[in-house]
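Data block below; observations after.
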Amino acid sequence: MKTFLVVNPRSAGGQTGKRWAELSAQVNRAIGEFGHGFTEGAMDAARIARKAVQDGYECVVAVGGDGTINEVLNGFFHDGRAINPRAALGIIPRGTGGDFRRAFGWDLELDSALARLRSEHTEPFDVGFVEYVNHEGKPEQRYFANIASFGVSAVVAHEVNTSSKALGGNLSFMWGTVKGLVKYSAPKVRIRADAGSQDPVSVTVVAVANGRYFGSGMCVAPSALTHDGLFDVTVWSGYGLNDFIFKSKGIYNGQHVTWKGTRQLQCRSFEAESENGQEVLIEVDGEVPGRLPAKMTILPGAIRLKV
Numbered sequence: 001m002k003t004f005l006v007v008n009p010r011s012a013g014g015q016t017g018k019r020w021a022e023l024s025a026q027v028n029r030a031i032g033e034f035g036h037g038f039t040e041g042a043m044d045a046a047r048i049a050r051k052a053v054q055d056g057y058e059c060v061v062a063v064g065g066d067g068t069i070n071e072v073l074n075g076f077f078h079d080g081r082a083i084n085p086r087a088a089l090g091i092i093p094r095g096t097g098g099d100f101r102r103a104f105g106w107d108l109e110l111d112s113a114l115a116r117l118r119s120e121h122t123e124p125f126d127v128g129f130v131e132y133v134n135h136e137g138k139p140e141q142r143y144f145a146n147i148a149s150f151g152v153s154a155v156v157a158h159e160v161n162t163s164s165k166a167l168g169g170n171l172s173f174m175w176g177t178v179k180g181l182v183k184y185s186a187p188k189v190r191i192r193a194d195a196g197s198q199d200p201v202s203v204t205v206v207a208v209a210n211g212r213y214f215g216s217g218m219c220v221a222p223s224a225l226t227h228d229g230l231f232d233v234t235v236w237s238g239y240g241l242n243d244f245i246f247k248s249k250g251i252y253n254g255q256h257v258t259w260k261g262t263r264q265l266q267c268r269s270f271e272a273e274s275e276n277g278q279e280v281l282i283e284v285d286g287e288v289p290g291r292l293p294a295k296m297t298i299l300p301g302a303i304r305l306k307v
């Protein structure tokens, strides 16, 4: 497949950029000639990926973490539709959190990623589409590969993204979670799945999941699949700092689905609106682009995924 790599040189603590000559030589030996472009700022990866798909590249590869994957995915779309539904998203994981790759059991080894790129095998990949209000109060929309969530998860993501990740992925997210839960006050949110009724919920976290993991390894949606045409929605209510400290194992291995404060459902679309006007931030593949109200819609098999 004609392949293009979208490279975040700051990923892996800056090692991707520093070691690019070595990395690119390994890629060339594995798959032959390829195109590439380096990101320099926010949403650069989307712009670079979009041009690559428009130029006829059949596989566009995100070289970076979950944020880079999200941006590259957004580049597969233009004017509300996939530019080429047969084009494939490839991944060379180089990020801190690595939640997207966990759903497939992928490690961080370059050889494993190159084996996937050498293979001709792809599978249909569902894409999430979210409409929300940005930080300037204007309507905005975005595609997502993994999970869109709101509640304390977005507060934690903001804490992590605005602080140093020198502790590494897991410890950074754990410390961000502690800080987020200390300052968090659960809002009342009206939620609606598909064409159902609006239900008011006191929200710790609501995760609208295409993948299974968020928060650097929390298995929030153990049964989620990226090719079944459905979101797996997990609603956490009534959880606090003590639950995270004393029950964190169940959050990371998926046992939380049996707890009293966890509710699960499946749907094709999901809407949420703050009941009393309180600002409720939304997190999309680890970024915090805005707030509620929001609507998430699944786009079944919108593109392909290199697996």
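Numbering-wise (UniProt numbering), the sequence shown opens with residue 1 and increments by one. We treat Cβ as the ideally placed atom computed from N, Cα and C, and that holds for glycine. Given the structure is predicted, the values throughout are model-derived calculations rather than measurements.
Taking 8 Å as the threshold (C-beta atoms), are residue j and residue i in contact?
i	j	result
residue 229	residue 126	yes
residue 118	residue 191	no
residue 76	residue 251	no
residue 188	residue 202	yes
residue 156	residue 215	yes
residue 88	residue 58	yes
residue 43	residue 71	yes
residue 295	residue 271	yes
residue 298	residue 231	yes
residue 90	residue 116	yes
Per DSSP, which residues does residue i bridge with? Please list them.
i	result
residue 236	205 and 262
residue 199	191
residue 149	207 and 283
residue 158	Paired residue(s): none; residue 158 is not in a bridge.
residue 290	134 and 282
residue 88	59 and 304
Indicate the three-state DSSP secondary structure (helix, strand or coil) for residue i in the structure shown.
i	result
residue 143	strand
residue 182	helix
residue 130	strand
residue 83	coil
residue 244	helix
residue 216	coil
residue 13	helix
residue 2	coil
residue 21	helix
Quick check: does the Cβ of residue i come within less than 7 Å of any heavy atom belonging to the ligand PLP?
i	result
residue 194	The ligand PLP is absent from the structure shown, which contains no ligands of any kind.
Our contact map puts residue i next to residue j with C-beta atoms below 8 Å; I'd like the distance itself, whole angstroms only.
i	j	result
residue 11	residue 95	6 Å
residue 290	residue 140	6 Å
residue 261	residue 237	5 Å
residue 226	residue 103	7 Å
residue 179	residue 159	5 Å
residue 153	residue 205	5 Å
Using 8 Å as the cut-off, can you tell me whether the region 3-10 makes contact with the region 25-44, which would need three or more C-beta pairs spanning the two stretches below that distance?
Remark: three or more beta-carbon pairs, one from each stretch, lie closer than 8 Å, so the region 3-10 and the region 25-44 are flagged as touching.
Assess, as a yes-or-no matter, whether the region 146-154 is touched by the region 197-212 under the definition of 3 or more beta carbon pairs within less than 8 Å.
With three or more CB-CB distances shorter than 8 Å, the region 197-212 counts as touching the region 146-154.
Determine contact between the region 59-74 and the region 275-283, defined as no fewer than three beta-carbon pairs at a distance below 8 Å.
Contact between the region 59-74 and the region 275-283 is absent, because fewer than three Cβ pairs lie under 8 Å.
Touching by the beta-carbon criterion (3+ pairs, under 8 Å), the region 244-262 and the region 217-229:
The region 244-262 is in contact with the region 217-229.
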